[in-house]
Amino acid sequence: MQFIDLKAQQNQKLKGGITLKEDIEKNINKVIEHGQYIQGPEVKQLENELAKYVGVKNCITVSSGTDALLASLMALDIKPGDEVITTPFSFFATAETILLVGAKPIFIDIRRDSYNLDYEKLEMAISSKTKTIIAVSLYGQTADMKNINKIADKYNIPVIEDGAQSFGAEHYNKRSGSLSTIGTTSFFPSKPLGGYGDGGACFTDDDSLADKIRKISLHGQNKRYSHELIGFNGRLDTIQAAILLSKLKVFDNEIESRNRIANRYVKRFEEYGFLNTPLISKENKSVYAQFTIELDYREKVKKYLAENSIPTSIHYPSLLSDQKALNHSKGNKSIFKKVFKKNIYKSFDLENAKLACEKVLSLPMHPYLKEDQQDLIINTVIKSLENT
Ligand SMILES: *Cc1c(COP(=O)(O)O)cnc(C)c1O
């Protein structure tokens, strides 16, 4: 059994009878024939389709979800001395990109039920140095963007939604990516909309920010060899765009399958009286990038599942603020030591995030998980619970 089965997707039949794999091959071959490997027509076509799908005026594709965050922070002019409020319970890129622009991550706690940034803890962390908030939409469910925006608006602070795990998710019937000043996502192969390599995108309704993000992702160029800004090489390959255009054709069906599978997990676990399954708020629709449960004896369960050939994963075993790269005292000798005289981050009480690090376990989850496979996973989890 695989944690995420990327191969099963290729056998899906599209309209016209061909498989997704054949459609992808056809699209890749078109690129090989026209030869515009960088900024070819598929890139623009993908950006148009994604902007429409998300419901924003502008989509700028970039080389990864990390670069999407970096370009967004640069476009918002986040610089040394600035503070960026975010969650400590995310993939490293969320904090890394804040540090790359020389700003200070300010970590506030997550909500116990959704694992996303707790808007009730936001206001106390805002200072005159706060220049943006990065809310992460973890496991496929958007953060409470409505309440986060309400507070951000009060202080006139822009908001970035790190939607690397939530492309396609909805919050009050609006899609992830359209819920804040800038939304970002990732097309890493195992994300809900994954390519066959690295990729990402930024979404925004603000035309001047979109223009800036685009320039930044093209070495700050306004035209060839004329560099108006400091940027970097942040482009999405044409071949990745071609692959993603194919994959978009099955994406809506996949979201439905992910929800069907997640609901079946919840229902079966509930029948056994195991209730520590993900809670999706009623204003949200999740794309279940992960199906993550909570356990008191996680290591035992994880080991038992592994012995039964069921792969699991921990998203995430430690807080971003505990990573060595952020802590000089733990022996890190990074360039940041020069940039920041003392603490390179600040954190508030992170009690819920700490608990989550100790308890969460992600089970196999992808749109093509079969019922018998799922039953085996559920039964094995239950059996291991009975033994603890
Ligand atoms: C995957 C991920 C990223 C980084 O995306 P890449 O495309 O791998 O650079 C950033 N934030 C979160 C929350 C992620 O899950």
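If you number the sequence shown the way our numbering does, the last residue is 389 and the count never jumps. Glycine included, every Cβ here is placed at the ideal spot set by N, Cα and C.
For Ile149, the closest C-alpha among the options Ala170, Asp24 and Ile127 is that of Ile127.
At a Cβ-Cβ threshold of 7 Å, Phe204 and Gly178 count as neighbours. The segment 244-259 makes contact with the segment 13-26, as at least three CB pairs between them are under 8 Å. Under the DSSP assignment, Asp154 falls outside any beta strand (DSSP E), being part of the alpha helix (DSSP H) whose first and last residues are Met146 to Tyr156. Along the length of the segment 184-257, whole beta strand (DSSP E) runs at least 3 residues long occupy 201-205 and 222-224, reported in chain order. The DSSP-derived three-state label of Ile281 is coil.
Arg112 and Asp145 have their C-alpha atoms spaced approximately 10 Å apart. In the three-state reduction of the DSSP assignment, Ala290 falls in the coil class, being assigned neither a helical nor a strand state. Non-local C-beta neighbours of Ala307 in its own chain, meaning closer than 8 Å and more than five positions away in sequence, comprise Thr313, ordered along the chain. With 16 or more other Cβ atoms from the protein chains shown falling within 10 Å of its own Cβ, Glu48 counts as buried.
Cys60 has Phe204 as its beta-bridge partners, per DSSP. Distances from the CB of Thr67 to the heavy atoms of ligand 1 include at least one below 6 Å. Asp78 carries a coil assignment under DSSP once its states are collapsed to helix, strand and coil. For the set Lys175, Asp350 and Pro81, the Cα lying nearest the Cα of Lys286 is the one of Lys175. The DSSP-derived three-state label of His35 is helix.
DSSP lists no bridge partner for Ile25. Here Gly66 really is in contact with Ser187; their C-beta atoms are around 3 Å apart, less than 8 Å.
Not one heavy atom of ligand 1 falls within 6 Å of the beta-carbon of Asp110.
By the Cβ criterion, the segment 42-56 is not in contact with the segment 277-293, since fewer than three pairs of Cβ atoms, one from each stretch, lie closer than 8 Å. Judged by DSSP in its simplified three-state form, Asp68 adopts helix.
Bounds of any alpha helix (DSSP H) do not take in Ser363; it lies within the beta strand (DSSP E) bounded by Val361 to Leu364. Judged by DSSP in its simplified three-state form, Ala170 adopts coil rather than helix or strand.
Only exposed fits Leu276, as fewer than 16 other CB atoms lie within 10 angstroms of its CB. Taking the Cα positions, Ile79 is about 10 Å away from Lys105.
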